[in-house]
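**Q**
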Amino acid sequence: MSQVKRNGVVVREYRYNGKGEQVRRFLGTANAYTLYDESGHWMGDYDNAGKPLQQAIWLDDMPVGVTGTDAKLAYIEPDHLGSPRVVVDPARNVAMWAWNLKGEAFGNTAPNQDPDQDGAGFVLDMRFPGQRYDAMSGLNQNYFRDLDVAAGRYTQSDPIGLNSGFSTYSYIEGDPLFSKDPLGLEKWVWISPIRDPVIYSGARADEDRPGILTIYAHGGPNAVNGPSFFNKYGLAFSADQVADIIEDSSWNRKDVVWLKSCNTGKDPNGFAQQLANRLGVTVYAPNAQVWFNKQGVIGPMPRVGGVGKADYSNPGQYTPFRPMPQVGK
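Under the working numbering, read the sequence shown as residues 29 to 357, first letter to last.
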């Protein structure tokens, strides 16, 4: 989204950097510049002179503090996903901002900006992980897309197309209480929700990371299975075929690829190495079967004998496969 109009008049314009991060909101000479850390977390907004308007403090992926123009620190209490729910004034030990956890599931409940009723409203635009509310558009800016919380859907289709699934406008499969999508991207989940509901749910719940394209699929040392809805396994795709799909998408060529697909890193010259050679980027792949539960990915581990249980005593690993020089190229 590059601008917002009301009655045909531009009321806000936006600019983005090469990573897709919204770095400037402005109208005329009134500017707010935004900075992010290397993980894509919002670090702060600044005026034309570089003076901080508001800055955030993070503990891993959890926002834990915020400062304003006066540099006065307030504490943020996030929920289990990393969404801010309460901002506390440490001097008085009272809430000065609150976003009700029992509110509308997709976030269509306005925060209370003056719960202590002191007449001094506090504004915090952070919402679900990776999102910031924009008062001019009424949307939550979510990195690559904008979320309409009233509809519970994005206003733009997923930039990676049908690789994410059949509903390209949906927000984390309609499950905002237990899942998050900080980049506004849907992951490449090539697992049937009908035949493999646990694996599918775990893949959906697994967090996407900036700079990483993650592919969830059934696989083996020399192939992965493509998307399938009703069948357990789709067509077997070679490394070249998967590379074609990736290159035809909006994939950032600087991103690494992470395969959460069984045994794709078991053969040192197999699927993962072939994909790394073809794409020219590092590919991480498991050297064993990948195990899931509904909350996410447990990790790579071999089976116990012939039964369908993971051998926790012998954990596997994700091996990095780096591009190798090709003879004659």
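Backbone N, C-alpha and C define an ideal beta-carbon position, used for all residues, glycine too.
What's the C-alpha gap between F299 and N170?
**A** The sequence position of residue 299 within the sequence shown is 271, counting from 1. The sequence position of residue 170 within the sequence shown is 142, counting from 1. So the alpha carbons of these two residues sit roughly 33 angstroms apart.
**Q** Taking G324 as part of the beta strand (DSSP E), name the residues at either end of that continuous run.
**A** The sequence position of residue 324 within the sequence shown is 296, counting from 1. Start and end: 324-328.
**Q** Output the distance between the C-alpha atoms of D153 and L63, rounded to the nearest integer angstrom.
**A** The residue labelled residue 153 in the question sits at position 125 within the sequence shown. The residue labelled residue 63 in the question sits at position 35 within the sequence shown. Roughly 15 angstroms separates the two Cα atoms.
**Q** Let me confirm a value: H69 is counted as buried when at least 16 other C-beta atoms fall within 10 Å, else exposed. Which label applies?
**A** In the sequence shown, residue 69 corresponds to position 41, counting from 1. With 16 or more other Cβ atoms within 10 Å, it is buried.
**Q** Starting from L129, follow its DSSP beta bridges and name the residues at the other end.
**A** Taking the sequence shown and counting its residues from 1, the one referred to as residue 129 is at position 101. According to DSSP, which records beta bridges pairwise, L129 is partnered with nothing at all.
**Q** Would you mind listing the alpha helix (DSSP H) stretches within the region 270-353 that are 4+ residues and don't spill past its ends, in chain order?
**A** Within the region 270-353, the complete alpha helix (DSSP H) segments of 4 residues or longer fall at 299-307, listed in chain order.
**Q** What's the gap between the Cα of V270 and the Cα of D283?
**A** Residue mapping note: residue 270 aligns to position 242 of the sequence shown, counting from 1. Residue mapping note: residue 283 aligns to position 255 of the sequence shown, counting from 1. Rounded to whole angstroms, the separation of the alpha carbons of D283 and V270 is 15 angstroms.
**Q** Whole angstroms is fine: what's the gap from Y182's alpha carbon to A264's?
**A** For the purposes of this step, residue 182 is identified with residue 154 of the sequence shown, where counting begins at 1. For the purposes of this step, residue 264 is identified with residue 236 of the sequence shown, where counting begins at 1. Straight-line Cα distance between these residues: approximately 32 angstroms.
**Q** State the CB to CB distance for the pair G135 and F150, rounded to an integer number of angstroms; the pair is presumed to be in contact (CB under 8 angstroms).
**A** Sequence index remark: in the sequence shown, residue 135 carries index 107 (1-based). Sequence index remark: in the sequence shown, residue 150 carries index 122 (1-based). Approximately 18 angstroms separates the beta-carbon atoms of G135 and F150; this is outside 8 angstroms, ruling out the contact.
**Q** Quick test of the definition: if touching needs 3 or more C-beta pairs under 8 angstroms, does the region 289-296 touch the region 310-319?
**A** Verdict: yes, contact present.
**Q** Measuring CA to CA, which of E66, D65, M352 is closest to T310?
**A** In the sequence shown, the residue the question calls residue 310 occupies position 282. Cα-wise, what sits closest to T310 is M352.
**Q** Can you list, in chain order, the residues of its chain whose CB lies under 8 angstroms from that of Y74, leaving out five sequence neighbours each side?
**A** Mapped onto the sequence shown, residue 74 falls at position 46. Cβ-Cβ distances below 8 angstroms link Y74 to A60, Y61, T62, L63, P80, L81 in the same chain, with the five nearest sequence neighbours on each side left out; the list follows chain order.
**Q** What is the DSSP secondary structure of G158, reduced to helix, strand or coil?
**A** If you number the sequence shown from 1, residue 158 lands on position 130. Residue state, collapsed to three classes: coil.
**Q** Taking P91 as part of the beta strand (DSSP E), name the residues at either end of that continuous run.
**A** Counting from one through the sequence shown, the residue named residue 91 turns up at place 63. Per DSSP, P91 belongs to the beta strand (DSSP E) from 90-95.
**Q** For P402, I'd like the list of residues in its chain whose CB is within less than 7 angstroms of its CB, leaving aside the five on either flank, ordered along the chain.
**A** Outside the modelled stretch of the chain, which goes from 29 to 357, sits residue 402, for which no answer is possible.
**Q** Please work out which residues of its chain come closer than 6 angstroms, Cβ to Cβ, to A245, disregarding the five sequence neighbours upstream and downstream, and give them in chain order.
**A** Within the sequence shown, residue 245 is the residue found at index 217, counting from 1. Counting only Cβ-Cβ distances below 6 angstroms, and skipping sequence neighbours, we find W218, V252, N253, S289.
**Q** Using alpha carbons as the reference points, say which of D89, V32, Q83, S30 lies closest to E235.
**A** The sequence position of residue 235 within the sequence shown is 207, counting from 1. Of the listed residues, the one whose Cα sits closest to E235 is D89.
**Q** Report all residues from its chain with a CB closer than 8 angstroms to the CB of G72; omit the five preceding and five following residues, and keep chain order.
**A** Position 44 of the sequence shown holds residue 72. Annotation for G72: T62, L63, P80, L81, Q82, Q83, A84 place their beta carbon closer than 8 angstroms to its own, counting only its chain and skipping 5 residues before and after.
**Q** When DSSP builds the beta bridges, which residues end up paired with P106?
**A** Taking the sequence shown and counting its residues from 1, one reaches residue 106 at position 78. Bridge partners of P106: P112.
**Q** For the beta strand (DSSP E) containing G72, name the first residue and the last one.
**A** On the sequence shown, residue 72 is found 44 positions in, with the first residue counted as 1. 70-74 is the span of the beta strand (DSSP E), which, as asked, contains G72.
**Q** Select from V114, N121, P118, A133 the residue whose C-alpha is nearest the C-alpha of W127.
**A** In the sequence shown, counting from the first residue as 1, residue 127 sits at position 99. The residue with the shortest Cα to Cα distance from W127 is V114.
**Q** Look at V94 and W86 and say whether their C-beta atoms are less than 8 angstroms apart.
**A** As a working note, residue 94 is residue 66 in the sequence shown. As a working note, residue 86 is residue 58 in the sequence shown. Going by C-beta atoms, V94 is not nearer than 8 angstroms to W86.
**Q** I need the DSSP call for R43, collapsed to helix, strand or coil.
**A** On the sequence shown, residue 43 is found 15 positions in, with the first residue counted as 1. Three-state DSSP puts R43 in a strand.
**Q** Run through DSSP, which three-state label would P143 get?
**A** Counting from one through the sequence shown, the residue named residue 143 turns up at place 115. Here P143 sits in coil by DSSP.
**Q** When the Cα atoms are used, what is the spatial distance from K322 to Q159?
**A** Within the sequence shown, residue 322 is the residue found at index 294, counting from 1. Within the sequence shown, residue 159 is the residue found at index 131, counting from 1. Their Cα atoms are separated by approximately 24 angstroms.
**Q** Quick check: what's the CA-CA separation for P106 versus E275?
**A** Locating residue 106 in the sequence shown gives position 78, counting from the first residue. Locating residue 275 in the sequence shown gives position 247, counting from the first residue. Spanning the two alpha carbons is a distance of roughly 37 angstroms.
**Q** Buried or exposed: where does V122 fall if 16 or more other Cβ atoms within 10 Å of its Cβ makes it buried?
**A** For the purposes of this step, residue 122 is taken as the residue at position 94 of the sequence shown. Under the 10 Å beta carbon count, V122 is surrounded by fewer than 16 other beta carbons and is classified as exposed.
**Q** State the DSSP-derived secondary structure class of V177, mapped to helix, strand or coil.
**A** Counting from 1 along the sequence shown, the entry for residue 177 is found at position 149. Looking at V177 - three-state DSSP - the assignment turns out to be coil, as it is neither helix nor strand.
**Q** So for V32, helix, strand or coil by DSSP?
**A** Locating residue 32 in the sequence shown gives position 4, counting from the first residue. If DSSP states are grouped into helix, strand and coil, V32 belongs with the strands.
**Q** Just to confirm the assignment, what range does the alpha helix (DSSP H) spanning I219 have?
**A** Position 191 of the sequence shown holds residue 219. In the DSSP assignment, I219 falls outside any alpha helix (DSSP H), carrying neither H nor E.
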